[in-house]
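Asks: Take a look at the following structure, please.
In our numbering, the protein residues as written are 5 to 237.
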């Protein structure tokens, strides 16, 4: 009688081995998903930071170009006694050259202001526009160039000779940063623009300080009459 050899039983995975394999696979997938999510978050954060930096840099570049070209134009409301430049703590208005894309053209009137919804914009119109009144609070007829959205505050300051308490020809008590520069016979030596953002907004803003080109290199503001450094309150 020919002996029967026992057939070799095909070896497979036991239930326990399959469960262990599934657990390892799931854990590995979880680690990969977490890593991918973190990488995506880093990329998104970096992209948002880059866009924020670009928006701030663009706003500062636009402002610098316009503020450097402030012109010492006589104020039509105070001919012979003041320049057409009015600067306050949160609003500034001046006359300057148009942007290169629109040149040649008549001088433009500019206004830098922040709206109640937090948008900082640079407004402009031609100085020959008969429909817009000089120094009017209304912005009807002005063209707006938005610079920044979602700001918390804007603060403007002007460096130059502070008006004295004596006669109008008093040169002042010295040079200092001031919150108001209106009805003056000269331009400020420097203009400073500070923009603040709400808490948690990580957009950086380094104070923008601009020296108008119309101010002479010896830091003497261009003015009316025979006194090149004259100023008035």
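Yeah, the Cβ is synthetic: ideal placement off N, Cα and C, and Gly gets one too.
What you are looking at is a predicted structure, and each value in this text was computed from that prediction instead of being measured.
Would you call the CB atoms of residue 196 and residue 160 closer than 8 angstroms?
Replies: Yes, the Cβ-Cβ distance between residue 196 and residue 160 is below 8 angstroms.
Asks: Using 8 angstroms as the cut-off, can you tell me whether the segment 181-196 makes contact with the segment 115-133, which would need three or more C-beta pairs spanning the two stretches below that distance?
Replies: Contact fails: fewer than three Cβ-Cβ distances are below 8 angstroms.
Asks: Would residue 123 pass as a contact of residue 153 if the rule is Cβ separation under 8 angstroms?
Replies: Yes; because the gap between Cβ atoms is below 8 angstroms, this pair is in contact.
Asks: Does the ligand GTP have even one heavy atom less than 7 angstroms from the beta-carbon of residue 69?
Replies: Of the ligands one can find in the structure shown there are none, so the ligand GTP has no counterpart to examine.
Asks: In this structure, how does DSSP classify residue 42 when only helix, strand and coil are distinguished?
Replies: Note: residue 42 maps to helix in three-state DSSP.
Asks: Throw me the rounded Cβ distance for the residue 165 and residue 82 pair, which I believe falls under 8 angstroms.
Replies: Not really, about 18 angstroms apart at Cβ, beyond 8 angstroms.
Asks: Bridge partners for residue 196 per DSSP, in chain order?
Replies: DSSP, once it has assigned bridges, lists 161 and 213 as partnering residue 196.
Asks: So, using beta-carbon positions, are residue 99 and residue 115 closer together than 8 angstroms?
Replies: Taking 8 angstroms as the Cβ cut-off, residue 99 and residue 115 do not qualify as a contacting pair.
Asks: Using DSSP with H/G/I as helix, E/B as strand and the rest coil, what is residue 77?
Replies: Reduced to three states, the DSSP call for residue 77 is coil.
Asks: Roughly how many whole angstroms lie between the Cα atoms of residue 70 and residue 204?
Replies: Using only the alpha carbons, I get a separation of about 30 angstroms.
Asks: Could you tell me which residues DSSP pairs with residue 55 in its beta bridges?
Replies: Bridge partners of residue 55: none, in fact.
Asks: What is the C-beta distance between residue 191 and residue 102, in whole angstroms, given that I count them as a contact (C-beta under 8 angstroms)?
Replies: Not really, about 19 angstroms apart at Cβ, beyond 8 angstroms.
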